Amino acid sequence: MKKILVTGGAGFIGSHLCERLLNEGNEVICLDNYFTGQKANIVHLLNNPYFEIVRHDVTMPFFIEADQIYNLACPASPVHYQFDAIQTIKTSVMGAINALGLAKRTKARVLQASTSEVYGDPNVHPQIESYWGHVNPIGIRSCYDEGKRCAETLFMDYHRMNSVDIKIVRIFNTYGPRMHPNDGRVVSNFIVQALQGKDITIYGDGKQTRSFQYIDDLIKGMIKMMEAPDEFIGPVNIGNPHEFTILELAQKVIEMISSKSKLIFKPLPSDDPMQRCPDISLAKKELNWEPSIQLEKGLLKTIEYFKLLLK
Ligand code: NAD
Ligand code: UDP
């Protein structure tokens with residue numbers, strides 16, 4: 011039985027990760043300050059004696075003995091990470107330093123939940139790990155993008171200087187049950203709007219693309235990376251390479267819900283990337299991982315979740 015610390019464990023991805031790690035017979039400690047996460051996401055795990063929760067802000071040091079650390083703490087939707095941009099960048103940078111310091115002292119392996127946002131508004135397509143990105147350092151998304159880029163730098167430097175046992179995954183747009191209904195991300199927004207018969211808000215002309223990965227595929231990829239041999243530290247892209255325009259996504263959601271919602275067009279937020287699609291050759295080769303749940307099937311499960319939630 012391993013003792014595993016998950017920072018940001020009460021969030022969308024973190025709660026699925028805690029659940030899977032417990033099901034696999036591990037002891038799990040979920041550390042969260044509930045900024046965007048919720049107790050409701052983990053309440054079903056509380057009667058498991060091998061599950062523990064700690065309310066804590068990762069910008070302050072923490073001392074927890076663990077064999078593995080998954081570092082997920084950070085708001086992830088543009089609405090939430092822009093709400094307090096300074097706290098967002100502190101969370102990424104100080105959170106990484108504190109997780110790495112802990113890993114250094116306890117000799118734990120530590121995995122960073124990085125993001126496709128490190129590629130910014132990419133001019134290499136699909137995005138491959140060796141691409142350095144095209145990121146605005148002073149825009150409204152920078153607190154998140156640059157915070158995550160700096161966290162990757164810290165991970166690499168703790169590895170090079172202090173031999174900390176690190177792994178870095180770059181997560182592409184992920185969706186599924188337990189996304190917060192007011193999270194502001196496109197999949198949850200469209201499903202909630204379509205279920206409530208409200209207008210579907212397309213930012214810009216809707217021709218920008220994203221590649222949507224279902225949560226279960228991501229969790230498998232993250233655990234495979236954590237368990238990968240020492241030499242493979244990443245960064246590695248974990249995402250679904252099927253690319254859709256935002257308009258296509260809206261049409262699919264409307265069709266699947268048989269909704270009467272209409273499309274309305276709103277201004278495109280600044281620095282919103284025009285295209286995003288992972289090259290997953292590295293994950294296939296090194297982790298023998300690729301996603302298996304395609305959009306329609308994943309949307310169906312997510313729509314069912316929101317139907318129950320909004321009842
Ligand atoms: P989320 O907002 O649901 O979860 C983030 C969790 O971190 C929340 O529970 C929140 O309360 C917690 N948190 C935030 N600041 C904290 C702090 N200072 N101290 C302690 N806890 C704090 O988002 P998510 O989608 O589950 O994302 C989890 C991680 O995965 C994030 O690091 C995010 O950057 C990364 N990621 C997510 C996606 C995606 O599509 N969902 C894509 C790329 C990367
Ligand atoms: N988007 C949209 N309507 C919404 C929410 C988002 O058209 O109600 C667009 C957004 O501008 C972006 C894409 O959908 O181009 C994905 O947005 P999200 O916030 O989910 O993720 P990210 O931009 O971080 O990839």
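Per my numbering, the sequence shown starts with residue 11, numbered consecutively.
In this text, a Cβ means the ideal position worked out from N, Cα and C, and glycines have one as well.
Note that the structure is predicted; figures quoted are calculated from it, not measured.
With distances taken Cα to Cα, identify the nearest neighbour of residue i among the options.
{"i": "Ala-86", "options": "Gly-47, Asn-250, Arg-115", "result": "Gly-47"}
{"i": "Pro-245", "options": "Gln-97, Glu-296, Lys-13", "result": "Glu-296"}
{"i": "Asp-209", "options": "Lys-276, Met-236, Gln-92", "result": "Lys-276"}
{"i": "Ala-293", "options": "Lys-234, Lys-217, Pro-71", "result": "Lys-234"}
{"i": "Gln-304", "options": "Gln-285, Ile-264, Leu-228", "result": "Leu-228"}
{"i": "Ser-268", "options": "Ile-243, Thr-255, Leu-310", "result": "Leu-310"}
{"i": "Met-171", "options": "Lys-177, Pro-136, Glu-237, Lys-114", "result": "Lys-114"}
{"i": "Asp-273", "options": "Pro-279, Leu-259, Asp-281, Ser-280", "result": "Here residue 273 is Leu; the residue named in the question, Asp, does not match the sequence. The shortest C-alpha separation from Leu-273 is found at Leu-259."}
{"i": "Asp-94", "options": "Phe-73, Lys-49, Asn-250, Phe-45", "result": "Phe-45"}
{"i": "Ala-20", "options": "Lys-12, Gly-35, Leu-41", "result": "Leu-41"}
{"i": "Ile-96", "options": "Tyr-141, Tyr-224, Thr-116, Arg-151", "result": "Arg-151"}
{"i": "Phe-73", "options": "Gly-105, Gly-35, Ile-290", "result": "Gly-105"}
{"i": "Glu-314", "options": "Ile-290, Val-263, Asp-281, Glu-300", "result": "Val-263"}
{"i": "His-26", "options": "Phe-242, Leu-112, Val-128, Tyr-224", "result": "Tyr-224"}
{"i": "Leu-112", "options": "Gln-203, Glu-139, Lys-321, Ile-14", "result": "Ile-14"}
{"i": "Asp-77", "options": "Ile-138, Ser-291, Asn-36", "result": "Asn-36"}
So, are the CB atoms of residue i and residue j less than 9 Å apart?
{"i": "Pro-288", "j": "Ser-221", "result": "yes"}
{"i": "Ile-79", "j": "Val-16", "result": "yes"}
{"i": "Val-68", "j": "Cys-160", "result": "no"}
{"i": "Gly-194", "j": "Pro-283", "result": "no"}
{"i": "Ser-126", "j": "Phe-200", "result": "no"}
{"i": "Gly-130", "j": "Asn-108", "result": "no"}
{"i": "Ser-173", "j": "Thr-312", "result": "no"}
{"i": "Leu-82", "j": "Ala-123", "result": "yes"}
{"i": "Cys-84", "j": "Gly-18", "result": "yes"}
{"i": "Gly-216", "j": "Thr-255", "result": "yes"}
{"i": "Tyr-168", "j": "Ile-176", "result": "yes"}
{"i": "Pro-279", "j": "Tyr-213", "result": "yes"}
{"i": "Thr-211", "j": "Gly-157", "result": "no"}
{"i": "Ile-63", "j": "Ser-291", "result": "no"}
Quick one: is residue i buried, meaning 16 or more other Cβ sit within 10 Å of its Cβ, or exposed?
{"i": "Pro-187", "result": "buried"}
{"i": "Glu-75", "result": "exposed"}
{"i": "Asn-406", "result": "Nothing about residue 406 can be reported from this structure: the residues present for the chain run from 11 to 321 only."}
{"i": "Asp-155", "result": "buried"}
{"i": "Leu-390", "result": "This structure cannot speak to residue 390, because the chain is shown only from 11 to 321."}
{"i": "Asp-240", "result": "exposed"}
{"i": "Asn-51", "result": "buried"}
{"i": "Met-70", "result": "exposed"}
{"i": "Asn-43", "result": "buried"}
{"i": "Glu-29", "result": "buried"}
{"i": "Gln-203", "result": "buried"}
{"i": "Gly-231", "result": "buried"}
{"i": "Phe-61", "result": "buried"}
{"i": "Leu-56", "result": "exposed"}
Where residue i and residue j are concerned, what is the direct C-alpha to C-alpha distance, given to the nearest angstrom?
{"i": "Arg-180", "j": "Leu-121", "result": "11 Å"}
{"i": "Ser-271", "j": "Ile-23", "result": "29 Å"}
{"i": "Asn-58", "j": "Leu-31", "result": "12 Å"}
{"i": "His-144", "j": "Val-134", "result": "9 Å"}
{"i": "Tyr-91", "j": "Cys-153", "result": "8 Å"}
{"i": "Pro-191", "j": "Phe-316", "result": "8 Å"}
{"i": "Val-53", "j": "Asn-298", "result": "33 Å"}
{"i": "Thr-219", "j": "Arg-286", "result": "6 Å"}
{"i": "Leu-319", "j": "Ser-302", "result": "26 Å"}
{"i": "Arg-119", "j": "Gln-261", "result": "43 Å"}
{"i": "Arg-65", "j": "Ala-238", "result": "30 Å"}
{"i": "Trp-142", "j": "Gly-249", "result": "18 Å"}
{"i": "Met-266", "j": "Leu-257", "result": "14 Å"}
{"i": "Gly-207", "j": "Lys-321", "result": "14 Å"}
{"i": "Leu-327", "j": "Thr-184", "result": "Any question about residue 327 goes unanswered here, given that the chain covers just 11 to 321."}
{"i": "Asp-281", "j": "Val-128", "result": "13 Å"}
{"i": "Lys-100", "j": "Met-189", "result": "23 Å"}
Original post:
Closer than 7 Å from C-beta to any heavy atom of the ligand UDP: which residues, in chain order?
Top reply: Ser-87, Pro-88, Glu-127, Asn-183, Gly-194, Arg-195, Val-196, Val-197, Asn-199, Phe-200, Thr-211, Ile-212, Tyr-213, Gly-214, Gly-216, Gln-218, Arg-220, Ile-256, Leu-278, Pro-279, Asp-282, Pro-283, Arg-286
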